[in-house]
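Working notes for the structure below.
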Amino acid sequence: MLKNRVNRAISGKIPEPTGLENGLDIKLSNSLDTGGKKNHTSESNVEEKNNTLNKLSGKVKAQNFNSKSQLLKPIPIAQLFHSIQGEGIDMGRSALFIRVAGCNLTCPTLPCDTPTALTPTRFPMLRWEEIWEWCFSHLIGTPLLVFTGGEPMIYARQLYPLLLLHPFSVEVETNGTILPPFKSQPVWRKVRFVISPKLSNSGEPKKRRFKPEVLSQIARFAPDSILKFVLPGENPDRFLPEIEEITKIAPLPVYLMPQSATLSQLNQSASAIAQFALTQGFNYSDRLHLRLQLP
Ligand code: SF4
-12 MLKNRVNRAI SGKIPEPTGL ENGLDIKLSN SLDTGGKKNH TSESNVEEKN NTLNKLSGKV
48 KAQNFNSKSQ LLKPIPIAQL FHSIQGEGID MGRSALFIRV AGCNLTCPTL PCDTPTALTP
108 TRFPMLRWEE IWEWCFSHLI GTPLLVFTGG EPMIYARQLY PLLLLHPFSV EVETNGTILP
168 PFKSQPVWRK VRFVISPKLS NSGEPKKRRF KPEVLSQIAR FAPDSILKFV LPGENPDRFL
228 PEIEEITKIA PLPVYLMPQS ATLSQLNQSA SAIAQFALTQ GFNYSDRLHL RLQLP
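Heads up, the sequence shown is in our numbering, so the first residue is -12 and it goes up one at a time.
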């Protein structure tokens, strides 16, 4: 069902498949046909898996979700993939990534590392049940669940069932401008937010990219969260006043990560960023997936 839905969405809306769309198709296909790999989709586990899935789905439906409500609207999904978390405090962990399409910012002067996430209408619309089906088929070990984008908090209500279902840790990679619904859905307090605030080099006006109330509320209600600043290798110290302004509002651990889309760019700026981090008592985040040539 999932494969058909995705294929329909691709053939209906995307004229020329690109790497991302191909990746989605292939990975989803693999999730449905594991070729006998030892995981939850092996034959011996199918019945157990279906039983568990039914129970978990029942648990979500028991939350009084209304099928006509915003909660159950499908989400444009740019990519679903299983990889290692290559960045931040959980670098190296096995992780299931849900990359949503769409962002509330545009960052015109930044090389947004997921530009296709800014064009949500090009991507398949998947319901939470379908996303969960993919996640469940990849529950090998204790993977993180990572919501990334684009800006996943645009879809906080629709992602909520996945928070309830995933039995292990959840991370949300966010630009820190949209307040998570901590009060109406307290399970968001258990999430680690990896807040990557956009700085003056993003080309976004400050009033759009800097939301002190959101930053302070995330630090207050989800204290396992971190701040991750993506900096160019040239003169990263020029961003220090902006970083300090944010850390005064959200006193969370700080990770500095080189701005890089390729391994060569990463290698060019990694040392400068690491040295700057050390001088300020910050942490350094690599982009391990680039080194390992993983998605
Ligand atoms: S906030 Fe992130 S995803 Fe959104 S436009 Fe800026 S760089 Fe791209």
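For each residue, glycine too, the CB sits at the ideal point set by N, CA and C.
Please report the distance separating the alpha-carbon of residue i from that of residue j.
i      : j      : result
HIS153 : ALA88  : 21 Å
ALA143 : GLY128 : 26 Å
GLU116 : SER171 : 21 Å
LEU59  : GLN145 : 6 Å
PHE134 : PHE68  : 11 Å
ILE236 : LEU202 : 7 Å
LEU214 : ASN162 : 10 Å
LEU265 : PRO219 : 16 Å
CYS122 : GLU158 : 14 Å
ARG197 : SER251 : Residue 197 is actually Phe in this sequence, not Arg. When rounded, the distance between both Cα atoms is 31 Å.
PRO95  : GLN280 : 27 Å
TRP175 : ILE233 : 21 Å
SER31  : GLU120 : Low per-residue confidence applies at SER31: pLDDT is 48, beneath 50, and the placement is therefore not dependable enough to give any value.
MET112 : LEU83  : 18 Å
Going by the beta-carbon positions, is the gap between residue i and residue j smaller than 8 Å?
i      : j      : result
LEU132 : LEU105 : no
ILE141 : TYR242 : no
LEU92  : GLU160 : no
SER70  : PRO282 : yes
SER81  : PRO130 : yes
LEU275 : GLY136 : no
ILE118 : GLU138 : no
ALA206 : VAL178 : no
Can you tell me whether residue i is helix, strand or coil according to DSSP?
i      : result
PHE134 : strand
LEU186 : coil
THR129 : coil
THR164 : coil
VAL178 : coil
ASP12  : Note that ASP12 scores 33 on pLDDT, short of 50, meaning its location in the model is unreliable; the coordinates nonetheless yield the value given after this. In the structure shown, ASP12 sits in a helix (DSSP, three-state: H, G or I).
LEU281 : coil
GLU191 : coil
LYS235 : helix
LYS198 : coil
PHE216 : strand
Residue i: beta carbon under 7 Å from a heavy atom of the ligand SF4?
i      : result
GLY136 : yes
ASN254 : no
SER189 : yes
LYS198 : no
ASN162 : yes
LEU105 : yes
CYS122 : no
LEU92  : yes
LYS215 : no
LYS193 : no
LEU97  : yes
LYS185 : yes
Problem - Every unbroken beta strand (DSSP E) inside the stretch 52 to 122 [3 residues or more] - result: You should have 62 to 71 and 81 to 87.
Handout entry: Length-filtered (4 minimum) alpha helix (DSSP H) runs lying within the stretch 240 to 274
Key = For the stretch 240 to 274, whole alpha helix (DSSP H) runs of length 4 or above, ordered along the chain, are 250 to 267.
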